[in-house]
Amino acid sequence: MIRDGEIAELGPPDSLPAPDGTDTLDATGKHLFPAFVDPHVHLRTPGQEYKEDIDSGTAAAAAGGYCAIVAMPNTAPTVDTASVVESLIAEASRRARVPTGFMASITPGLRGEELTEMAELRDAGAVGFTDDGKPVVSAGMLRRALQYQRLAGGIIALHEEDPALSADGVMHEGAVSARLGMAGIPSLSESTMVARDASLALYENASVHFQHLSCVESVQALAEAKARGAKVSGEASPHHLTLTDEAVRSLDSRFKMNPPLRSESDRRALIEALRSGVIDCVATDHAPHARHEKEVPFEQAPMGTIGLETAFAAIYTELVGPGELELSTLIERMTSGADLYGLHTPRIAPGEPANVCLIDTEAPWTVGENGYASKSANCSFAGMRLRGRVLLTVAGGAVAHRQPMLVAASARSGERSEARR
Amino acid sequence: MNERARHLISIDDLDRAGIERVLDRAASFAEVSGREIKKVPALRGRTIVNLFYEASTRTSSSFELAAKRLSADVVSVKSSGSSVEKGESLKDTVQTLSAYDPAAIVIRSPHAGAAKLVAGWTDAAVINAGDGKHEHPTQALLDVFTLRRRLGSLDGVRIWIVGDVSHSRVARSDILAFTRMGAHVTVCGPPTLLPREIESLGCEAAVTLDRVSEADVVYVLRMQRERMQQSFVPSLREYAAQYQINDRRLSPSQLVMHPGPVNRGIEIAGTTIDSTQALISEQVKAGVAVRMAVLYELLVGANVMAVA
Chain A
117 MIRDGEIAEL GPPDSLPAPD GTDTLDATGK HLFPAFVDPH VHLRTPGQEY KEDIDSGTAA
177 AAAGGYCAIV AMPNTAPTVD TASVVESLIA EASRRARVPT GFMASITPGL RGEELTEMAE
237 LRDAGAVGFT DDGKPVVSAG MLRRALQYQR LAGGIIALHE EDPALSADGV MHEGAVSARL
297 GMAGIPSLSE STMVARDASL ALYENASVHF QHLSCVESVQ ALAEAKARGA KVSGEASPHH
357 LTLTDEAVRS LDSRFKMNPP LRSESDRRAL IEALRSGVID CVATDHAPHA RHEKEVPFEQ
417 APMGTIGLET AFAAIYTELV GPGELELSTL IERMTSGADL YGLHTPRIAP GEPANVCLID
477 TEAPWTVGEN GYASKSANCS FAGMRLRGRV LLTVAGGAVA HRQPMLVAAS ARSGERSEAR
537 R
Chain B
262 MNERARHLIS IDDLDRAGIE RVLDRAASFA EVSGREIKKV PALRGRTIVN LFYEASTRTS
322 SSFELAAKRL SADVVSVKSS GSSVEKGESL KDTVQTLSAY DPAAIVIRSP HAGAAKLVAG
382 WTDAAVINAG DGKHEHPTQA LLDVFTLRRR LGSLDGVRIW IVGDVSHSRV ARSDILAFTR
442 MGAHVTVCGP PTLLPREIES LGCEAAVTLD RVSEADVVYV LRMQRERMQQ SFVPSLREYA
502 AQYQINDRRL SPSQLVMHPG PVNRGIEIAG TTIDSTQALI SEQVKAGVAV RMAVLYELLV
562 GANVMAVA
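Chain order of the listed sequences is A and B. 117 is the number of the first residue of the first sequence in this note's numbering; add one for each residue after it. 262 is the number of the first residue of the second sequence in this note's numbering; add one for each residue after it.
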């Protein structure tokens with residue numbers, strides 16, 4: 117029972133009396149989970165609202181069972197001043213379907229040349245800092261940011277890529293890139309930077325989060341850094357956990373993202389790291405692009421796949437179904453980004469804010485068959501048959517998403533779960 | 262297996278029997294090319310669009326000639342001087358040209374996968390005349406045609422492909438086509454210009470010409486000057502010293518091929534180009550007959566290309 121935006125009571129079926137006017141749902145055979153938190157979303161606002169905006173992006177989040185998301189600052193203009201952060205927070209308070217946090221950039225314009233006014237940005241409400249989309253190439257510049265974190269606070273999240281090694285690469289370097297004649301991005305363009313920056317984090321005792329890890333070498337570098345006591349964490353995306361560079365043989369630009377889909381052994385390492393906790397959380401790196409931008413030859417297409425609406429179903433179908441990942445571990449990793457980013461972690465317990473999602477884990481659906489809540493359709497899972505449908509999302513105590521098929525159980529009382537706005 | 266292929270995008274669209282059928286057809290067209298009147302009416306009244314987004318001499322001219330010798334109407338669109346230069350997208354260009362109801366679109370693009378995309382946007386048959394560094398299937402077919410004429414068969418023939426394999430669509434299509442026809446392929450070049458895991462295509466890899474004497478055929482790739490600026494090789498001089506195919510490195514019994522255009526004195530010595538062991542002008546000559554055969558098989562032939 118949810119009352120006044122909080123989880124009021126929990127009880128077995130038929131044990132809780134529903135007061136008059138309660139919106140009662142029949143959730144027999146469905147799962148009620150803590151709603152998910154995504155620390156890595158591109159809302160494309162400000163400046164590229166033709167790809168996504170706060171309305172559509174947060175609708176996509178709600179449709180995927182998310183009760184909170186964190187938006188990246190690589191917009192146009194970059195989120196690198198307090199006024200941009202403040203206007204985004206104000207706009208989100210009016211338009212967002214789920215609570216939305218905003219990261220600010222580490223360096224103005226993501227140019228890697230000087231620090232943003234990190235303390236002022238934090239005062240304005242920035243969750244943390246990232247130049248996501250680009251690496252902080254200079255170790256010296258990153259070191260300054262890590263030192264300054266002691267004043268400003270906020271997580272520093274890193275997109276790891278050595279541009280001298282990734283160069284003009286468009287996909288993973290391996291047998292598939294050899295066959296297709298496309299320039300490769302070697303795994304070590306990521307892992308050497310993870311190793312470098314984990315050392316910096318340890319030396320400066322800074323909190324660093326590694327975004328969208330994609331390869332076995334990065335997982336090893338992260339595990340070693342954790343073993344040495346560095347305050348580091350890592351995320352993996354649903355697409356890196358379930359797809360490999362074999363998908364790129366289709367030359368379909370939906371499979372172009374940065375970091376690229378890698379080999380099966382890399383995918384295996386990511387799954388194992390997610391299981392063991394070396395990788396702390398799942399993050400979608402939801403990256404919308406307009407149809408005309410992706411309808412070009414692979415090498416010309418922009419990097420990125422949308423992922424909010426498919427994250428749970430993709431991992432549930434591909435990893436939980438075959439027994440490679442426990443459902444409870446998946447749910448934990450879908451919410452644990454919150455704690456890393458200093459946000460409230462959703463829990464199902466009396467007195468907690470109502471952040472829950474109701475999922476039919478066995479319901480099959482075809483990705484994209486009914487379109488997307490996102491403005492964009494560049495989904496690497498499009499056309500795939502997945503299991504796991506999000507029926508209802510309650511975010512911050514409000515119903516943020518509700519499947520039309522989920523009917524009110526008006527005639528029945530005492531359902532397994534109940535939600536009231 | 263015998264499902265009719267509508268397009269020629271990759272050598273992977275053809276199995277061995279399919280390749281042989283195209284080459285047999287090409288042999289009969291080669292005979293036509295020897296006549297005084299070099300034209301047959303097979304494609305009379307049909308339109309072929311050549312859409313070239315990259316400079317090309319032999320591929321574009323031989324496709325044009327092939328279509329004309331089959332009596333088709335030919336429209337050639339080059340990226341410079343066309344709406345492409347004004348920023349029109351590939352999709353919009355293809356849909357515009359498709360309004361003329363062409364029987365086939367021949368496309369050359371600097372980007373891998375362009376031909377495959379085009380096939381999804383038009384009802385015309387699509388022929389890949391080179392997409393980025395991915396494939397150049399008609400070049401591979403004419404290379405096989407040339408070798409088959411000279412050797413009878415490629416079964417067991419040892420072929421070395423020498424040079425900048427990384428940036429060569431010809432190398433990729435040739436590796437696939439040569440191995441499919443029974444040849445053993447070794448690629449050889451500077452380690453900086455051999456793609457990682459290239460062996461997964463079914464060839465061997467070598468970084469020196471030390472064992473090149475074992476080759477029955479040496480296929481020389483063009484060395485582009487721009488590779489120097491990107492530090493793939495220190496200098497053209499050093500490249501030539503290590504990898505140039507010349508009389509010193511070859512025995513007279515070894516055949517030499519090159520897709521053109523050649524850089525005389527860099528990847529291949531001028532005397533070798535002009536020697537009797539070079540098949541380079543035969544390759545050019547084969548280009549027209551093979552492209553006639555590809556057009557014919559896609560647009561006319563009844564039991565045409567088999568899907569591999």
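Don't be surprised by glycine CBs; every beta carbon is placed ideally from N, CA and C.
Is residue i buried or exposed, if buried means 16 or more other CB atoms sit within 10 Å of its CB?
{"i": "B:A316", "result": "exposed"}
{"i": "B:A476", "result": "buried"}
{"i": "B:A558", "result": "Note on residue identity: the sequence assigns Glu, not Ala, to residue 558 of chain B. That one is buried."}
{"i": "B:R472", "result": "exposed"}
{"i": "B:A360", "result": "exposed"}
{"i": "B:T532", "result": "exposed"}
{"i": "B:T318", "result": "exposed"}
{"i": "A:D239", "result": "exposed"}
{"i": "A:M521", "result": "exposed"}
{"i": "B:E264", "result": "With a pLDDT of only 45 at B:E264, under 50, the local geometry of the prediction cannot be trusted, and the value read off the model is given with reservation. By the 10 Å Cβ count, B:E264 comes out exposed."}
{"i": "A:T308", "result": "buried"}
{"i": "B:P513", "result": "exposed"}
{"i": "A:L258", "result": "buried"}
{"i": "B:L462", "result": "buried"}
{"i": "A:A319", "result": "Strictly speaking, residue 319 of chain A in this sequence is Tyr, with Ala absent from that position. It counts as exposed."}
{"i": "B:A502", "result": "exposed"}
{"i": "A:P150", "result": "buried"}
Per DSSP, residue i is paired with what?
{"i": "B:P451", "result": "In the DSSP output, where bridge partners are listed per residue, B:P451 has none listed."}
{"i": "B:V310", "result": "B:V336, B:I366"}
{"i": "B:S414", "result": "Answer is none; B:S414 lacks a bridge partner."}
{"i": "A:I123", "result": "A:I118"}
Helix, strand or coil: how does DSSP classify residue i here?
{"i": "B:M489", "result": "helix"}
{"i": "B:F324", "result": "helix"}
{"i": "A:H517", "result": "strand"}
{"i": "A:F497", "result": "coil"}
{"i": "A:A184", "result": "strand"}
{"i": "A:L367", "result": "coil"}
{"i": "A:I447", "result": "helix"}
{"i": "B:R572", "result": "Nothing about residue 572 of chain B can be read from this structure; chain B reaches only from 262 to 569."}
{"i": "A:G351", "result": "Note that residue 351 of chain A is Glu in the sequence shown here, rather than Gly. Correct three-state label for A:E351: strand."}
{"i": "B:G531", "result": "helix"}
{"i": "A:L386", "result": "helix"}
{"i": "B:I506", "result": "strand"}
{"i": "A:P480", "result": "strand"}
{"i": "B:R441", "result": "helix"}
{"i": "B:Y557", "result": "helix"}
{"i": "A:T421", "result": "strand"}
{"i": "A:P466", "result": "coil"}
{"i": "A:I475", "result": "strand"}
Verify whether the separation of the beta carbon atoms of residue i and residue j is less than 8 Å.
{"i": "A:I422", "j": "A:S492", "result": "yes"}
{"i": "A:I475", "j": "A:L507", "result": "yes"}
{"i": "A:A425", "j": "A:S490", "result": "Here residue 425 of chain A is Glu; the residue named in the question, Ala, does not match the sequence. Yes. Within cutoff."}
{"i": "A:V157", "j": "A:H402", "result": "yes"}
{"i": "B:I541", "j": "B:G526", "result": "no"}
{"i": "B:R510", "j": "B:L470", "result": "yes"}
{"i": "B:V555", "j": "B:L269", "result": "yes"}
{"i": "A:G145", "j": "A:T191", "result": "no"}
{"i": "B:L358", "j": "B:V310", "result": "yes"}
{"i": "A:E276", "j": "A:E306", "result": "yes"}
{"i": "A:V310", "j": "A:K342", "result": "no"}
{"i": "A:A273", "j": "A:T246", "result": "yes"}
{"i": "A:K250", "j": "A:H405", "result": "no"}
{"i": "B:A530", "j": "B:N507", "result": "yes"}
{"i": "A:A299", "j": "A:D284", "result": "yes"}
{"i": "B:A376", "j": "B:A401", "result": "no"}
{"i": "A:G181", "j": "A:C473", "result": "yes"}
{"i": "A:P189", "j": "A:L456", "result": "no"}
Is any heavy atom in the ligand MG found nearer than 7 Å to the beta carbon of residue i?
{"i": "A:E362", "result": "This structure lacks the ligand MG; in fact it carries no ligand of any kind."}
Minimum length 4: unbroken alpha helix (DSSP H) runs contained in the segment 230 to 308 of chain A:
234 to 240, 255 to 268, 279 to 282, 291 to 296
Which runs of the beta strand (DSSP E) at least 3 residues long sit entirely within the segment 144 to 225 of chain A? Give them in chain order.
147 to 150, 152 to 157, 182 to 187, 216 to 218
Please give the ranges of any beta strand (DSSP E) in the segment 377 to 428 of chain B, keeping only runs that are unbroken, at least 3 residues long and fully inside the region.
386 to 392, 419 to 423
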